[in-house]
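Engineer: Pasting in a structure now, in structure tokens, and then I'll have a few things to ask.
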Amino acid sequence: MDQPTPHPTPPGPEAQPVACARCGARAPEGGPPPTWTCSVENGTRQYFCVDCARANLRAIEGRLDSAWW
Ligand SMILES: [Zn+2]
79 MDQPTPHPTP PGPEAQPVAC ARCGARAPEG GPPPTWTCSV ENGTRQYFCV DCARANLRAI
139 EGRLDSAWW
């Protein structure tokens with residue numbers, strides 16, 4: 079099942095740089111560390127750094143929209 083692909087797969091959203099949705103801190107290249115929190119809001123995947131995730135742990139666990147903060 080290893081058919082060669084004629085065209086390289088275009089980079090998807092996963093390949094874009096990840097930044098904290100709250101404070102804007104940049105995640106290291108290669109994706110956010112496992113300590114970051116991923117939250118899907120309105121179909122958009124957002125990441126929060128350790129500090130922001132901890133500060134908003136209750137809100138994230140409650141799956142509240144970030145606009146509520
Ligand atoms: Zn942050």
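Heads up: the sequence shown begins at 79 in this note's numbering, then just goes up one per residue. For each residue, glycine too, the CB sits at the ideal point set by N, CA and C.
(1) For the segment 89-135, which segments carrying the beta strand (DSSP E) assignment without a break, of at least 3 residues, lie completely within its bounds, in sequence order?
(2) Find the nearest neighbour of G108 within the set N120, V118, C101, A97, judged by alpha-carbon distance.
(3) When the Cα of P112 is compared with those of R136, C127, N120, which residue comes out closest?
(4) Can you give the Cα-Cα distance for G102 and M79, rounded to whole angstroms?
(5) Please report the straight-line C-alpha distance between R100 and C130, rounded to a whole angstrom.
Structural biologist: In brief:
(1) 115-119, 122-126
(2) Taking the first residue of the sequence shown as position 1, residue 108 is located at position 30. Of N120, V118, C101, A97, the residue nearest in Cα terms is A97.
(3) Indexing the sequence shown from 1 puts residue 112 at position 34. Nearest option by C-alpha distance: C127.
(4) As a working mapping, residue 102 is identified with position 24 in the sequence shown. As a working mapping, residue 79 is identified with position 1 in the sequence shown. G102 and M79 have their C-alpha atoms roughly 41 Å apart.
(5) Here residue 100 refers to the residue found at position 22 when the sequence shown is read from its first residue. Here residue 130 refers to the residue found at position 52 when the sequence shown is read from its first residue. Those two C-alpha atoms are separated by around 7 Å.
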